[in-house]
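Novice: Counting from 1333, one number per residue, gives the positions in the sequence shown under the numbering used here. From the three backbone atoms N, C-alpha and C, an ideal C-beta is built for every residue, glycine too. In this text the structure is predicted, and so the values were computed from the model without any measurement.
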Amino acid sequence: MSFVEHPAEGIAILLWAADPDAPHRLATPFFHAAAAAAMDLPVEIYFTARSVRLLMPGVAASLRASERHGKTVLDAMREAAAHGARLLACSDALEANGIDAATLIPECHGRGGAVQFMARAADLRWRTLVF
1333 MSFVEHPAEG
1343 IAILLWAADP
1353 DAPHRLATPF
1363 FHAAAAAAMD
1373 LPVEIYFTAR
1383 SVRLLMPGVA
1393 ASLRASERHG
1403 KTVLDAMREA
1413 AAHGARLLAC
1423 SDALEANGID
1433 AATLIPECHG
1443 RGGAVQFMAR
1453 AADLRWRTLV
1463 F
């Protein structure tokens, strides 16, 4: 089912200011990713800067965007992934944060960084969002 007459080929989402220290900012990117993926659009979420910490076991599971919201940030991430969104970790951000890629949560689909995101941004058939 197409929601628009001429859909984009995909949506690339860059998480830059989505920091575990500001959990009130963390649900929105994943809600948008889940919505786009549910519309049968390919979705790639690029975790950069401190957002890669969300891919560490226990981090996103311990965070809520609001105490009134029943879902954890990990729940929102899993919902996006269940709809088909691909979660990608920036290698440089992993290194800068001292994170071993082998320890990331299973929802992470692998590595993806500046070159991959910029290729999507330069492709007129893709749309990009930055959080």
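#1: Less than 7 Å between the C-beta atoms of residue 1375 and residue 1381, yes or no?
#2: Determine the burial state of residue 1447: buried for a count of at least 16 other Cβ atoms within 10 Å of its Cβ, exposed for fewer.
#3: Since I believe residue 1393 is in contact with residue 1404 (beta carbons under 8 Å), could you give me their beta-carbon distance rounded to a whole number of angstroms?
#4: Quick check: the Cα distance between residue 1410 and residue 1454, rounded to an integer number of angstroms?
#5: Going by DSSP, name the residue or residues bridged to residue 1440.
#6: Am I right that residue 1443 and residue 1420 are in contact with their C-beta atoms under 8 Å? What's the rounded C-beta distance?
#7: Counting along the chain, where does the beta strand (DSSP E) carrying residue 1410 start and finish?
Specialist: Answer, in terms of the structure:
#1: Here residue 1375 corresponds to residue number 43 of the sequence shown, with the count starting at 1. Here residue 1381 corresponds to residue number 49 of the sequence shown, with the count starting at 1. Not closer than 7 Å, so no.
#2: Here residue 1447 refers to the residue found at position 115 when the sequence shown is read from its first residue. By the 16-neighbour rule on beta-carbons within 10 angstroms, residue 1447 is exposed.
#3: For the purposes of this step, residue 1404 is identified with residue 72 of the sequence shown, where counting begins at 1. For the purposes of this step, residue 1393 is identified with residue 61 of the sequence shown, where counting begins at 1. Indeed, because the Cβ distance is near 5 Å, the residues count as touching under 8 Å.
#4: Within the sequence shown, numbered from 1, the residue matching residue 1410 stands at position 78. Within the sequence shown, numbered from 1, the residue matching residue 1454 stands at position 122. Taking the straight line from one Cα to the other gives about 28 Å.
#5: Against the sequence shown, residue 1440 aligns to sequence position 108. Bridge partners of residue 1440: 1419.
#6: The count along the sequence shown starts at 1 and reaches residue 1443 at position 111. The count along the sequence shown starts at 1 and reaches residue 1420 at position 88. So it is a contact: roughly 6 Å between Cβ atoms.
#7: Within the sequence shown, residue 1410 is the residue found at index 78, counting from 1. It is not in any beta strand (DSSP E) - residue 1410 instead sits in the alpha helix (DSSP H) that spans 1405-1414.
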